[in-house]
Structure formats: structure tokens, C-alpha cells
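Visitor: First residue of the sequence shown? That's 1 in the numbering used here, and the numbers climb one at a time after it.
All residues carry an ideal CB built from backbone N, CA and C; glycine is no exception.
Attaching a single structure in C-alpha cells format; questions to follow.
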Amino acid sequence: LLIVHSNYTALKFNSFQKRNIITDPTKLWKNGVIPVVFNDTVDGSMKEKVLAALQEVSMSTYAGGKNCITFVPRMNEPDYVEFTSVLFGSGDSLPGKRGGRQIVHLYRDAAKADIMQLVMYLLGFYNEFRRPDRDNHVTVHFDNIAPEYQGFFQITNDTTFFNYPFDFESVTFFFPYAWAKDPSKPTLTAKYETQVIPYKVSLSKYDISNIQREYQCGLDNGNQIDLLDGTVTACNFEFDLCEWTQETDDDFDFQRIQGPSPDNQVTGPLADYSSGIGYYVFASAKGNHNQDARVISPTLPAGEYCIRFYYFLYGPDIHKLRLNNRVNGVDTVMESIEGNQGAMWHKFSMDFTMKSSFQLVLEAIIGGTDGGDMAFDDVYLFRGLCIR
């Protein structure tokens with residue numbers, strides 16, 4: 001978790017995705033050089049994550065044979081950033097250079113995406129969805145946002161976006177349920193069904209171009225680092241099941257659903273996770289008591305993988321949602337999620353290694369009543385370890 005406070009607004013980040021660029025040149029770091037120091041409270045593991053994020057930004061924005069953005073150890077520079085680690089608290093910062101000692105507090109569970117967002121903020125960026133033209137692309141549901149957090153979603157007019165297209169790929173985007181009073185309902189939804197807010201941990205091409213234009217480095221996207229380029233499959237179910245297929249010898253099939261779940265809207269999702277208006281995959285308990293449904297992945301080669309998805313298990317009779325691997329027709333349980341998890345989407349991720357070719361199986365095992373609907377969305381499979 002990253003928390004940044006200013007004297008008039010607070011910005012908190014919990015794997016949320018900011019952009020919209022300040023126009024005051026005095027708020028930019030001279031020559032793109034940012035002196036950095038780490039407080040003794042920052043442990044080695046967190047320091048490693050922060051340094052990796054800073055290096056990634058420098059390399060991705062490299063243009064014209066030189067660094068556009070450079071992070072250096074602070075010597076005696078009067079303006080600098082100090083990272084510190086705390087359990088609770090906040091640091092003072094405005095977009096761009098604040099002047100003097102600019103403290104940033106890192107919660108001990110700060111993720112890669114949190115740190116990337118903070119770096120963008122320090123460089124002079126607001127959230128992408130705070131652009132003046134945002135209402136053409138997304139809807140902000142202020143009725144589901146507590147008053148003290150509504151400032152995070154306000155449009156900023158003293159900024160520029162260089163006439164670039166609205167960028168759902170920006171690392172600065174919040175996820176659709178950020179700061180929700182009722183976590184079963186989104187706070188941010190896309191305007192059109194084909195638009196989704198994907199999982200991301202690296203700068204988008206437009207993030208890079210905006211940094212380069214803001215700091216007058218010349219435009220060059222050829223050095224972009226995308227830590228998710230090892231993606232094997234990514235499915236948000238907007239059009240179909242992607243590479244996943246329905247099992248042929250289970251008891252019933254999953255359904256692709258848009259909006260509130262059918263039959264029993266008390267226990268199922270009200271909206272998908274990807275955009276708030278799109279599709280998810282749903283296993284209905286009605287008429288399927290004590291039965292199971294399965295979808296299976298393509299056959300994959302042996303190796304080290306990361307799987308990530310969102311699941312919705314809410315109701316008085318939730319039985320099991322299982323992740324299995326299948327080798328030579330034999331299923332082995334990798335993870336089982338059981339019981340009522342509350343009326344909200346939850347993230348699941350895990351690393352695993354397979355020594356032979358295999359398939360993955362997502363399985364919903366229904367209980368004995370109608371109160372056990374299950375759903376999942378945004379299924380990603382990557383080569384290598386999960387990024388945290």
C-alpha cells in the first residue's frame with residue numbers, strides 16, 4: 001500500500017492503477033534527474049522492489065541515446081525523494097517535484113503496481129481517468145464513493161494529455177471497484193462493452209510517450225519493458241471463453257453473464273470485474289444442486305507458471321471452487337476455496353511448477369441449495385513467477 005497526501009487532497013494506492021500531466025514547469029525535475037534516499041525503515045525486500053521499479057522507468061523511457069528519467073543517490077541536492085516504510089501514516093506530495101525533502105511512505109505490503117503508480121505521480125502525473133475528457137470514456141459512480149475519497153476521482157483541468165487517446169492500458173488506472181462503499185458495486189465503469197481495464201504492472205506506450213514529451217526527451221517507445229510479456233493466456237470473457245473450453249463430462253456448463261447474475265441475484269455478482277459493464281463466467285446453483293461444472297485450458301508445456309484470476313463466492317451454501325491440474329487425464333487439486341467469501345470480487349494468484357505437459361481445470365462444486373452461486377473473471381496465466 002502506498003499513501004500520498006497533499007495539503008488539499010489524499011491519494012492512496014492499493015494495487016490501484018493516475019495520469020493527466022501537470023503543466024507547471026517548476027514542478028518538473030530538472031533534466032529528469034530525481035535524487036533518492038531510503039530511510040532505515042525500508043527493508044531489503046522493499047528496497048529491491050522500489051529500485052527495480054525505478055530502473056524499469058528509466059529504461060522504458062530511454063530516448064535519443066540517453067536517459068529521459070534518471071534516479072540517482074542523493075548527495076546534497078536540496079530537492080529529493082525519501083522513501084520510508086511504515087505500518088500507518090502518509091507522506092506529503094503534490095504531482096511532480098514538491099521542493100525540499102519529499103517523503104513517500106511505503107506500507108510493508110506495497111506491490112509492484114503501487115510503486116509504479118507512485119513513480120508516475122512523482123514525475124507529474126494524475127490518474128488517467130481524471131482527464132477533462134474522461135466522461136466520454138468512463139463513468140464514475142460517486143454515489144458509491146465516500147465523500148472523503150471522492151477527490152481521488154475529480155477531473156483536473158490544469159493539466160495536459162498531449163491529445164493522446166484515452167489510455168485504459170495506463171499503469172495509473174484504478175481498478176473498477178476502488179474505494180467502493182459497497183464493494184459489490186463498481187465505482188468506475190467503462191462506457192462501451194469492448195473497453196476493459198486490464199491487469200498491468202508496467203508503463204503503457206502512452207505512459208512512456210507522455211513522460212518523454214513532458215520532459216522533452218524525444219519520442220521513442222522502442223525500449224518499453226513489459227513485465228507481462230510472458231503472458232500465456234488472458235481472458236476477460238468479453239467475447240467468448242478465449243482458449244478455455246467447457247468440460248464435456250461434467251454435470252452442467254458455466255454461463256457467460258453480463259450484469260446481475262440470473263435466477264438468484266442475492267448471491268451472484270452484480271457486475272463483472274474487468275470493466276463493470278462486461279462479462280464474467282457464472283456457475284448457477286439453481287437446478288444444479290450437488291453438481292459440478294468445469295472449464296479446461298489448452299494443453300501447456302512443462303515449466304514454471306503463475307495463474308491469477310478473480311472469483312466471487314457469496315451465499316449461505318457456498319461449497320467449493322477448485323483449481324486443478326490435469327496430467328494424462330488425472331486431475332490433482334492445486335487449491336480449493338470454500339465457504340462464503342462476502343459479496344465482492346477477490347483476487348487469487350499462485351506460482352506453480354509442472355514437470356510434464358498439462359491442462360488447468362477451473363471447477364465449481366455446487367452445494368445443496370440455491371444459495372451457492374459462483375463466478376470468476378479475468379483469468380491470466382503467465383510464464384514464470386507471479387509479480388507482487
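1. From C235 to G268, what distance separates their C-alpha atoms?
2. So, for Y149: in the same chain, excluding its five sequence neighbours on each side, which residues have a beta-carbon less than 6 Å away from its beta-carbon?
3. Grab the span of the beta strand (DSSP E) containing I296 for me, first residue to last.
4. If we ignore side chains and look at the alpha-carbon of each, how far apart do A364 and L228 end up?
5. Have a look at the DSSP bridge pairing and note the partners of Y311.
6. Are the CB atoms of S261 and D373 nearer to each other than 7 Å?
7. Compare the C-alpha of K30 against each of L51, V37, F71, L54 and name the closest.
8. Going by DSSP, name the residue or residues bridged to C306.
9. Could you please give me the residues that DSSP links to E363 through a beta bridge?
10. Applying the 10 Å Cβ sphere with the 16-neighbour rule, what's the burial state of M46?
11. Are Y257 and Y280 touching if we call contact CB-CB under 7 Å?
12. Could you tell me which of K27, T187, G329, Y62 sits nearest to F173, measuring between CA atoms?
13. Tell me which residues share the same chain as L270 and place their Cβ nearer than 7 Å to its Cβ, disregarding the 5 neighbours each side in the sequence.
14. State the Cα-Cα distance for the pair P147 and D207, rounded to the nearest angstrom.
15. Classify Q154 as buried or exposed, calling it buried when 16 or more other Cβ atoms lie within 10 Å of its own Cβ.
16. Of the residues F125, A63, L51, which one's Cα is nearest the Cα of P25?
17. Please list, in chain order, all residues of the same chain as H141 whose beta carbon is under 8 Å from its beta carbon, the five residues on each side excluded.
18. Would you mind reading off the limits of the alpha helix (DSSP H) that contains E214?
19. Leaving out five residues before and five after V201 in sequence, what residues of the same chain have Cβ atoms less than 6 Å from its Cβ?
20. I want to see whether chain B comes within less than 7 Å of I208, judged by CB atoms only; does it?
21. By the 10 Å Cβ neighbour count, where 16 or more other Cβ atoms means buried, how is M59 classified, buried or exposed?
22. Out of K205, T233, Q212, N210, which one is the CA nearest neighbour of Q224?
23. Just to confirm the assignment, what range does the beta strand (DSSP E) spanning V57 have?
24. Can you tell me where the alpha helix (DSSP H) with L122 in it begins and where it stops?
25. In the DSSP assignment, what residue or residues form a beta bridge with S336?
Guide: For this structure:
1. To locate residue 235, count along the sequence shown from 1; it is residue 235. To locate residue 268, count along the sequence shown from 1; it is residue 268. Straight-line Cα distance between these residues: approximately 20 Å.
2. As a working mapping, residue 149 is identified with position 149 in the sequence shown. Around Y149, the same chain offers W179 as residues with beta carbons nearer than 6 Å, after the five sequence neighbours per side are excluded.
3. Against the sequence shown, residue 296 aligns to sequence position 296. Here the beta strand (DSSP E) through I296 covers 292-296.
4. As a first step, residue 364 must be located in the sequence shown, where it is residue number 364. As a first step, residue 228 must be located in the sequence shown, where it is residue number 228. A364 and L228: Cα-Cα distance of roughly 28 Å.
5. Within the sequence shown, the letter at position 311 stands for residue 311. According to DSSP, which records beta bridges pairwise, Y311 is partnered with H346, F376.
6. The residue given as residue 261 occupies position 261 in the sequence shown. The residue given as residue 373 occupies position 373 in the sequence shown. Note that the C-beta distance between S261 and D373 is below 7 Å.
7. The residue you call residue 30 lines up with position 30 of the sequence shown. Minimum Cα distance to K30 is reached at F71.
8. One-based indexing of the sequence shown puts residue 306 at position 306. Beta-bridge partners assigned by DSSP to C306: D351, F382.
9. Position 363 of the sequence shown, counted from the first residue, corresponds to residue 363. E363 is bridged to R294, R322.
10. Numbered from 1 along the sequence shown, position 46 holds the residue referred to as residue 46. By the neighbour-count rule (16 or more Cβ atoms within 10 Å), M46 is buried.
11. What you label residue 257 is simply residue 257 of the sequence shown in a count that begins at 1. What you label residue 280 is simply residue 280 of the sequence shown in a count that begins at 1. The sequence as given places Ile at residue 257; Tyr does not occur at that position. In this structure, Y280 lies closer than 7 Å to I257 by Cβ.
12. Reading the sequence shown from its first residue, position 173 is the one you call residue 173. When only C-alpha atoms are compared, the closest one is T187.
13. On the sequence shown, position 270 is the one that residue 270 refers to. Counting only Cβ-Cβ distances below 7 Å, and skipping sequence neighbours, we find S184, K185, P260.
14. Reading the sequence shown from its first residue, position 147 is the one you call residue 147. Reading the sequence shown from its first residue, position 207 is the one you call residue 207. Across the structure, P147 and D207 are spaced so that their CA atoms are roughly 29 Å apart.
15. The count along the sequence shown starts at 1 and reaches residue 154 at position 154. The residue is exposed, with fewer than 16 neighbouring Cβ atoms inside 10 Å.
16. For the purposes of this step, residue 25 is identified with residue 25 of the sequence shown, where counting begins at 1. If we check each option's Cα against that of P25, F125 comes out closest.
17. In the sequence shown, counting from the first residue as 1, residue 141 sits at position 141. Excluding five sequence positions before and after H141, the CB atoms of its chain that fall closer than 8 Å to its own CB belong to K185, P186, T187, L188, T189, given in chain order.
18. Position 214 of the sequence shown holds residue 214. Residues 205-214.
19. Position 201 of the sequence shown, counted from the first residue, corresponds to residue 201. Contacts found: K112, A113, L227, I387.
20. Given the protein chain composition of this structure (a single chain), no chain B is represented.
21. Mapped onto the sequence shown, residue 59 falls at position 59. Burial call: exposed.
22. The residue labelled residue 224 in the question sits at position 224 within the sequence shown. Measuring from the Cα of Q224, the nearest candidate turns out to be K205.
23. Taking the sequence shown and counting its residues from 1, the one referred to as residue 57 is at position 57. Note, V57: premise wrong, no beta strand (DSSP E); alpha helix (DSSP H) at 44-60.
24. As a first step, residue 122 is located in the sequence shown; it is residue number 122 there, counting from the start. For L122, the enclosing alpha helix (DSSP H) stretches over residues 112-123.
25. As a position in the sequence shown, residue 336 is number 336, starting the count at 1. DSSP, once it has assigned bridges, lists R322 as partnering S336.
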